[in-house]
DNA sequence: TGCCAGGCCCTCTTTAGGGCCTT
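Numbering (UniProt numbering), first residue to last: 1 to 219.
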């Protein structure tokens, strides 16, 4: 089973293009459903945190003042996940901050990580869920609580548990032995009706005929 | 509590608009 990193950023706002910066990053390394590593750090990017964000995340300006420089934290985070594909909930958000923060380290910073998104996958796999917020999906699946919501490690832990559940459901529903990262990236762009065919195509060279997913029955 | 953005997805759609989701 290949290792993936489940990442979550806390930030000063929604858009690095508008000047927002990361304030905290957490990464949970998963090997299958097993947690094999954790990285978490506040970071000081030299920007003020609004009262709304202080209340939303619990991360205060005082906490940030005492944190290591953002560049140091991001360099360490990049080393931590070198060669490891990443997963996030609403990954387009975390991918933007990942790229923007690593861009500040210079052109040599490794930021070309393939991201998979647990929100897009959940929309495909769980049409009955209703809401696709991380906490809503955690409740929907009765995932174990992981601490204060909207802190990076707690959210990364919940997203990691959600990813494990997604992989488990793909494997059980489509009778495949694994749901590797490349398949997850493909499925998050695949319409729900086409999931069986996409999975079958992915595994067609590896699965014996008797284990091929039955795409005629749909999902 | 939510504005800023951006990508995805649904529908009263596709020559568009608005809601969801992330902080």
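For glycine and all other residues, C-beta sits at the position ideal for the given N, C-alpha and C.
DSSP state of residue 108, grouped into three classes?
Here residue 108 sits in coil by DSSP.
Nearest to residue 105 by CA position, among 133, 75, 83 and 31, is which residue?
The option with the nearest alpha carbon to residue 105 is 75.
Whole beta strand (DSSP E) runs in the segment 84-134 with 3 or more residues, listed along the chain?
For the beta strand (DSSP E) assignment, the uninterrupted runs of no fewer than 3 residues enclosed by the segment 84-134 are, from N- to C-terminal side, 86-88 and 115-117.
When you compare each of 24, 2, 21 and 30 to residue 162 by their alpha carbons, which one comes out closest?
Here the closest residue by C-alpha is 30.
Compute the Euclidean distance between the alpha carbons of residue 94 and residue 13, then round it to the nearest angstrom.
Using only the alpha carbons, I get a separation of about 12 angstroms.
Relative to the C-alpha of residue 27, which candidate in 66, 72, 60 and 39 has its C-alpha closest?
For the options 66, 72, 60 and 39, the alpha carbon positioned closest to that of residue 27 is the one of 39.
Residue 192 (DSSP reduced to helix, strand or coil):
Secondary structure of residue 192 (DSSP, three-state): helix.
Pairwise C-alpha distance: residue 10 and residue 216
Since pLDDT at residue 216 reaches only 36, below the 50 mark, its modelled position is unreliable, and the value read off the structure follows with that caveat. Put simply, the backbone Cα of residue 216 is about 43 angstroms away from that of residue 10.
Confirm, please, whether the CB-CB distance from residue 43 to residue 57 is below 8 angstroms.
Remark: C-beta atoms of residue 57 and residue 43 do not approach each other more closely than 8 angstroms.
Residue range of the unbroken beta strand (DSSP E) whose run includes residue 41:
Where residue 41 is concerned, the enclosing beta strand (DSSP E) stretches over 34-42.
In the DSSP assignment, the alpha helix (DSSP H) including residue 166 goes from what residue to what residue?
For residue 166, the enclosing alpha helix (DSSP H) stretches over residues 152-174.
Would residue 5 and residue 86 qualify as a contact pair, given that the criterion is a beta-carbon distance under 8 angstroms?
Yes.
Of all the options 178, 102, 143 and 199, which has the alpha carbon lying nearest to the alpha carbon of residue 3?
Comparing alpha carbon positions, the residue from 178, 102, 143 and 199 closest to residue 3 is 178.
Buried or exposed for residue 203, please, with buried defined as at least 16 other CB atoms from any protein chain shown within 10 angstroms of its CB.
Buried, since its Cβ has 16 or more Cβ neighbours within 10 Å.
With burial defined as no fewer than 16 other Cβ atoms inside 10 Å of the residue's Cβ, what is the status of residue 18: buried or exposed?
Burial is judged here by how many other beta carbons sit within 10 angstroms of a residue's own beta carbon; residue 18 has fewer than 16 and is exposed.
Own chain residues within Cβ distance below 7 angstroms of residue 120, not counting five before or after:
Counting only residues of its own chain and dropping the five nearest sequence neighbours on each side, residue 120 has a CB closer than 7 angstroms to the CB of 188.
Endpoints, the beta strand (DSSP E) within which residue 20 is located
Bounds of any beta strand (DSSP E) do not take in residue 20, whose DSSP letter is neither H nor E.
Does residue 8 pass the burial test, meaning 16 or more other C-beta atoms within 10 Å, or should it be called exposed?
Looking at its Cβ environment, which holds 16 or more other Cβ atoms inside 10 Å, residue 8 is buried.
Name the DSSP bridge partner or partners of residue 10?
Looking at the DSSP assignment, residue 10 forms a beta bridge with 24.
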